[in-house]
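Colleague: Residue numbers (this note's numbering): 144 to 373.
1) I'd like to know whether the C-beta atoms of residue 183 and residue 251 end up nearer to each other than 8 Å.
2) Which of helix, strand or coil does DSSP assign to residue 343?
3) Would DSSP call residue 411 helix, strand or coil?
4) According to DSSP, is residue 354 helix, strand or coil?
5) List the endpoints of the continuous alpha helix (DSSP H) containing residue 176.
6) Could you tell me the alpha carbon to alpha carbon distance between residue 375 and residue 191, rounded to whole angstroms?
7) What residue from 286, 324 and 320 has the CA that sits closest to residue 302's CA?
8) For residue 187, count the other beta carbons within 10 Å of its own beta carbon; 16 or more makes it buried, fewer makes it exposed. Which is it?
9) Does DSSP put residue 234 in a helix, a strand or coil?
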């Protein structure tokens with residue numbers, strides 16, 4: 144196994160694997176490889192897997208959960224697991240309007256990063272991001288690959304409502320709010336694209352190991368696309 148790990152019963156219906164390694168795309172590929180191996184021969188009572196930056200949660204039906212049997216089987220699955228190929232994910236283009244009318248914090252972030260707004264937009268939209276995990280909210284994409292020049296702390300006072308589609312920066316990460324919610328990330332744009340549709344399977348627009356590219360659009364184009372989606 145390319146990474147050391149710690150495997151233990153996490154609750155009365157779950158097992159957690161913690162991987163000892165720096166957060167990276169290689170680690171993500173290994174975690175997803177382990178997940179695929181477990182799904183191919185799931186233990187009794189298996190329900191679902193939840194991958195994260197450096198862990199994998201395996202959830203079971205409580206009344207069917209057999210901890211010792213599950214631990215043994217998962218250990219075997221891990222030995223057989225292979226890292227997913229780097230090209231396994233899809234590439235998704237997401238239109239983003241960086242106009243200050245929907246990007247409340249873009250001027251603050253530009254000043255903090257000693258950039259013009261134009262330079263910020265170019266830096267943010269020129270990167271190809273990797274989806275590392277989904278969390279915080281259903282369908283919230285944690286994206287790796289943010290230009291170091293754009294690293295910016297979260298807001299001291301989180302907002303009680305951030306609109307769906309808002310693109311934010313929090314520390315060394317960038318992400319997209321799939322639904323309206325409270326939040327403390329610095330909002331630098333907004334996409335008219337639906338990020339989460341509970342009527343679809345799967346409901347989220349992207350998944351771990353997918354690639355994301357942001358495509359700048361004007362405020363007028365943003366309004367047109369919003370209107371067309373209603």
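For every residue, glycine included, the Cβ atom is placed at its ideal position computed from N, Cα and C.
Modeller: In terms of the structure at hand:
1) If you check the CB distance, residue 183 and residue 251 do not come in under 8 Å.
2) For residue 343, the secondary structure class from DSSP, reduced to helix, strand or coil, is coil.
3) The structure shown does not extend to residue 411, since the chain is modelled only from 144 to 373, so the question has no answer here.
4) DSSP places residue 354 in strand when its eight states are reduced to three.
5) That run of the alpha helix (DSSP H) goes 168-183.
6) What is shown of the chain runs 144 to 373, which leaves residue 375 out entirely.
7) Comparing Cα positions, the closest option is 324.
8) Residue 187 comes out exposed.
9) Three-state result, residue 234: strand.
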